[in-house]
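Data block below; observations after.
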Amino acid sequence: MIDSKRKAIIFLTISFLLALVAAGVILVQVNQAQEKLGKTVAVAAVKKDVKSYYELAKKDIEWIQLPSESAQKGFITDEKDLEDVITVVDLKKGDLLTRNLVRKKLDIPENERVVWLNATEIVLVDQKNIAPGDLVDIIVTTGKEDKMQTKRIFQNVYVVEVEEVDEEPPRVRISVPIEDAESLIHYQNSAKQIRVLRVNQASSGKQELKEVEDSQQGADQKQQEQNKADGEAGAASNSDQQKTPAEKTPAAKPADKPESKEQSKP
Numbered sequence: 028m029i030d031s032k033r034k035a036i037i038f039l040t041i042s043f044l045l046a047l048v049a050a051g052v053i054l055v056q057v058n059q060a061q062e063k064l065g066k067t068v069a070v071a072a073v074k075k076d077v078k079s080y081y082e083l084a085k086k087d088i089e090w091i092q093l094p095s096e097s098a099q100k101g102f103i104t105d106e107k108d109l110e111d112v113i114t115v116v117d118l119k120k121g122d123l124l125t126r127n128l129v130r131k132k133l134d135i136p137e138n139e140r141v142v143w144l145n146a147t148e149i150v151l152v153d154q155k156n157i158a159p160g161d162l163v164d165i166i167v168t169t170g171k172e173d174k175m176q177t178k179r180i181f182q183n184v185y186v187v188e189v190e191e192v193d194e195e196p197p198r199v200r201i202s203v204p205i206e207d208a209e210s211l212i213h214y215q216n217s218a219k220q221i222r223v224l225r226v227n228q229a230s231s232g233k234q235e236l237k238e239v240e241d242s243q244q245g246a247d248q249k250q251q252e253q254n255k256a257d258g259e260a261g262a263a264s265n266s267d268q269q270k271t272p273a274e275k276t277p278a279a280k281p282a283d284k285p286e287s288k289e290q291s292k293p
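Residue 28 is where the sequence shown starts when you use the working numbering, and the numbers rise one by one after that.
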């Protein structure tokens, strides 16, 4: 009888401890779920209906709080991603913004076009940390194996946009005149290889500054020579004027003497 009671007490004690452990585990899981659901992230959305190629401003954007678990990776959550951007498609009020729905606004000259530089596999970008505003040189290798030629076809080309792509090289876009765009696209489809080299803009800037200074010095020197020549010409003119004899004024004729009274008498 005593053994049965002892066994029952032990069984109840073990059951109670197991129940406490199970309750603790359940509470921990519930708290973790609540924490995940409680964390929110601000996602950008449009306040009004907008057309494609519309330049978005701060007044056109509203921020909606979404659970972090339900927020997709492509949603825009940083204000910096909305600086100088335009919409790609028509959007309605309340539509959430993703990186595929907007793109950076590009200010390029009227006679230039934007070309995707590394559009084909033959294009190799030697430096991965190229950024908008950089200058690049483009070197092309053409011909067959026995008669291959390598030359630099473009120099100091302006990079207007760099798009980061997951598990792929960044997409580099450049701005070139229309004629150069045609040539570049032709080489992208016919050349053996195209290499993109980033320009050292520090040295490039120094060289441009030196050229400007040399040009300014040349202009100043020409101006000094011109002023010197003008001064010599003026001095020579004054000397000629001093050497020219002055015109003699005609002498005054003597006044006729009046006839005497005696001669006038008959």
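Yeah, the Cβ is synthetic: ideal placement off N, Cα and C, and Gly gets one too.
All values derive from a computational prediction rather than experimental measurement.
Secondary structure of residue i, DSSP reduced to three states
i, result
"Ala279", "Because the pLDDT of Ala279 is 47, which lies under 50, any placement of that residue in the model is unreliable, and the number read from its coordinates should be weighed accordingly. Residue state, collapsed to three classes: coil."
"Ile36", "helix"
"Asn254", "helix"
"Lys131", "strand"
"Val52", "helix"
"Tyr214", "helix"
"Leu154", "One point to set straight first is that residue 154 is Gln, not Leu, in the sequence displayed. Of the three classes helix, strand and coil, the one that applies to Gln154 here is coil, per DSSP."
"Gln99", "coil"
"Val239", "With a pLDDT of 49 at Val239, under the threshold of 50, the predicted position of this residue should be treated as unreliable, though the coordinate-derived value follows. Helix, per DSSP."
"Gly232", "Unreliable placement is indicated for Gly232, whose pLDDT of 47 sits below 50; no coordinate value is reported for it."
"Asn227", "coil"
"Leu314", "Outside the shown range of the chain, which is 28 to 293, sits residue 314, and nothing can be said about it."
"Asn183", "strand"
"Glu289", "Bear in mind that a pLDDT of 42 at Glu289, under 50, signals an unreliable position, so the number given afterwards is only what the model happens to contain. Looking at Glu289 - three-state DSSP - the assignment turns out to be helix."
Residue from the options whose Cα sits closest to the Cα of residue i
i, options, result
"Leu162", "Gln92, Asn227, Ser31, Leu39", "Asn227"
"Thr168", "Gly160, Ile180, Ala158", "Ile180"
"Leu93", "Ala72, Leu83, Leu39", "Ala72"
"Lys75", "Ala84, Ala69, Val68, Thr67", "Ala84"
"Ala158", "Arg198, Tyr81, Asp173", "Arg198"
"Asn183", "Ala208, Arg225, Arg126", "Arg225"
"Asn216", "Glu252, Gln59, Leu144", "Leu144"
"Asn127", "Ala146, Ser79, Leu54, Asn254", "Ser79"
Supposed close pair residue i, residue j - CB separation, criterion 8 Å
i, j, result
"Ala218", "Ile149", "6 Å"
"Val223", "Pro196", "Rounded, the Cβ-Cβ distance is 10 Å, inconsistent with contact."
"Glu82", "Lys132", "6 Å"
"Thr104", "Val68", "6 Å"
Residue(s) in a DSSP beta bridge with residue i
i, result
"Val68", "Leu93"
"Arg198", "Glu190"
"Glu139", "Pro204"
"Val167", "Lys178, Ile221"
"Ile88", "Val73"
Proximity below 8 Å, CB of residue i to CB of residue j
i, j, result
"Ile201", "Val186", "yes"
"Val142", "Val203", "yes"
"Phe102", "Val70", "yes"
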